[in-house]
Structures are given as structure tokens and as C-alpha cells.
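According to this note's numbering, the sequence shown is numbered sequentially starting from 54.
The C-beta atom is built at its ideal place from N, Cα and C for all residues, glycine as well.
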Amino acid sequence: MTLAATVSRPARPTPDAATAGLPPAVPEALTVSLPPIAEMRRAMLAQDASYDGVFFVCVTTTGIFCRPSCPARKPHPRNTRFFGSVRECLLAGFRPCKRCRPLAVDGGPPRWLAGLLDRVEAQPAGRITDQDLRDAGISPHRVRRYFRRNFDMTFQAYHRARRMGLALEALKRGTDPLHVALDCGYDSNSGFRDAFEKTIGATPGRSNRLTVVRTRSIETPLGPLVAGATDDGVCLLEFADRRALPRQVAALKRRLSAAVVPGDHEHLAGLAGQLEEYFAGRRRTFDLPLVRPGTAFQERVWDELTRIPFGQTCSYAEVAQRIDRPTAHRAVARANGDNRLAILVPCHRVVRQDGSLSGYGGGLWRKRRLLDLEAGVAAACGA
């Protein structure tokens, strides 16, 4: 949102010119349900990334539009307009900001971070200091903010977890622990053992009993999602800013006897692609293997959630009726909240008896946007 140059308000382009080269249009339903003006201004001034995808900031003096988290200098409030979709911004005559790249919703890491992640993968046993980041032209503060927001850990903790995750995989393949320790940059087996146990939660000797859950961040129009998968399927999908995420991860580790480490997996790559199609209005169902350990009651509720048709909603009481537990609507609500697979197991489609929204860990505004998206796609397809 740079104000280096003051230009006149751009002329409104034709729809064809404004949307040339874009993905298929997001349904019109996504142009509604904006937060209050005061809330959007606060989010813009605070560079609150949790609002990325909820709305876009258009600057009338420069003719550009940005994400709320754009790091550029902020405009005066009287020079801003707010829209709920990229398409609206373009049709109003604004062009995308080159700093925050509001058109980029490909599910991958930002371009400025790609080289750093490549370096971690190429040299997992190495050490990358703040000075190394500065020498590479990357702000350590920016790196810290990204990893806190997307992984709830520092970059150094991420690098260490990635290193220990690779060590865990090597141990499970039968590699000698001493060789693994040396490959991780440790001079002694005892130092490696202590670091491994602190990160993984088990000693190297017990590692063959653990299930490995690999996790990564997936960018979406509604903010980053933390996704996790075992070799059997996707086991975690939650918005990164959800307060209950640490509790959900702890429950997953306990139920699967798992170690949770950063990394990628073919299931996660497939998930990122299908989520991109979902948010573009091109996908209604997901065809990924799911791992969702829970109690017998929770599993019955989650099964029923997957039967709620795309574009429709159901009340907690109706779900209770469908699983033959008509008085258990509160227990249904708790099972809904314990769902660790947001969007895939569509707990956002469950509403109150009167149709109002309640109880969504990712935030009611996200629940509204998901329902608006699905209703718009269903209406556009005549179903």
C-alpha cells in the first residue's frame, strides 16, 4: 500500500479486462458478510494476517488493492475502500499490490520464503542464524512472524523439528543411531538423544513404535491451515490461529502414539490441490484418505457430518436425531468442536435450530464465508 506516488482514481475497467487470466469467478455469495468498518480498519493498521481473505483494502490514491497484512505504509482511512473478493476489487478498477500479492492463493509458501525452506531441506543439519538471514536479504523479524503464525513456533524450532523428523524417519528405516546423530550434526550420541527426546517426545530406541505425522502450512483465502498426514491419510486440518489447535495436536499424538514433525507428504500435496479447487468453486467433495481417531460417539457424529449435502446446513438437534441420540444435541456440539479435519469433515455446516451460526473454532466469520461459498457454488450449478 505504498503512497510514494499520488495518482487519480483509475477508470472502471470492463469485466473482461479486469478478470483476464484469473481463475474462474468466486461465487457472488462471497461478496457479502464483511466485518464492521472499524474492525477492518483496525485489522489493516495492525497488519492482522488472520483477516487475509476476509476482505481486501483498496487505496483510492494509488489505485491498488492489498491484503490486510500488507507490510507497506498505511493509507489515510478516507482513502480506503473495502471489498470481500479479488473480483470486486478488479471490477472497481484497482490493480493488485506487488508487495503482498493478493492474487496469490496457491497453497504454497510465499516467494520470499521459498529459498530459505529449500536451504533447510538441503542442509537439515546446518544452522541458520539471524545474521545468515540478513545476509540473504531476509528480515529475521519477518521470518519469526511467518513461523509463529503458520506453525506456532520459531524458525529455529521449525528447523530443529525438521532435522529431528528426518532423524526419526532414518531410525525407523533401521539406520544406526550413531550414524543418524552424526548426520544431524551432533558429536555425541548423548547430545543427540537429549535433543531427539525433547523434540519427538521419545528416545531414539523407542522411535520404531511411533507413527509419524508430517505437517505443513497451506495458504487459503481464509488464512493459513495447518495440515497433517500419516502414511494412511490426512489426520489434521485446522486454521493456524485456532486457540484449540495445540489441544487438538496433543489429542492426535496421544490417540495415534505419534510424533508430529514438519514435512511434506503426497497426501498433503493432494490436499493442497483439492483445497485450491474448493475455494475456487470447482470442487464439492474431497477424495482423500482420512485418519480421524476418536470415540465411538465422535466417529458416528463425524460420519453424519460428511453426509450433510454441499450447500446445505443441518442443526445440532437434527444430527442427534440422525444418529439415534435425539437428546444428545449438546454432545453432538462437543463432538463437532473436537473435529480435527476442518472443511474435509464439514462441521461448518451445522448451525443452531433457528439457522443462526454458533460454535466454530476457526471463527464465525470463517464459518459464514464457507457457507456462503458453498451456497453460491450450489446456486450457480442449479443444485
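- Between His212 and the set Arg375, Arg172, Cys367, the nearest pair of CA atoms involves Arg172.
- Counting the other CB atoms within 10 Å of its CB gives Pro315 a total of 16 or more, which places it among the buried residues.
- Annotation: the continuous alpha helix (DSSP H) that includes Thr252 extends over 242-253.
- For the region 128-189, the full-length beta strand (DSSP E) segments reaching 3 residues or more read 133-136 along the chain.
- The three-state secondary structure of Asp236, taken from DSSP, is helix.
- The beta-bridge partner set that DSSP reports for Asp105 consists of Phe108.
- The C-alpha of Asp391 is placed about 21 Å away from the C-alpha of Thr264.
- In terms of Cβ geometry, Asp236 and Ala175 do not form a close pair [threshold 8 Å].
- For Leu289, DSSP records a beta bridge to Gly281.
- Straight-line spacing of the CA atoms in Gln209 and Val196 works out to 10 Å.
- No residue range can be given for Arg405, since it is assigned to no beta strand (DSSP E) and is classified by DSSP as neither H nor E.
- Between Gly106 and Phe292, the gap from beta carbon to beta carbon reaches 8 Å or more.
- Within the same chain, Cβ atoms closer than 8 Å to the Cβ of Leu98 are found at Lys127, the five residues on either side in sequence being excluded.
- About 5 Å separates the CB atoms of Phe118 and Phe109; that is less than 8 Å, so the two are in contact.
- Shown here, Ser260 sits in a helix according to DSSP, grouped into three states.
- Distance from the CA of Arg202 to the CA of Pro124, rounded to the nearest whole angstrom, comes to 15 Å.
- With respect to Val372, Glu357 sits close: the two C-beta atoms are nearer than 8 Å.
- Looking at the DSSP output, Thr268 sits in a beta bridge with Gly281, Pro315.
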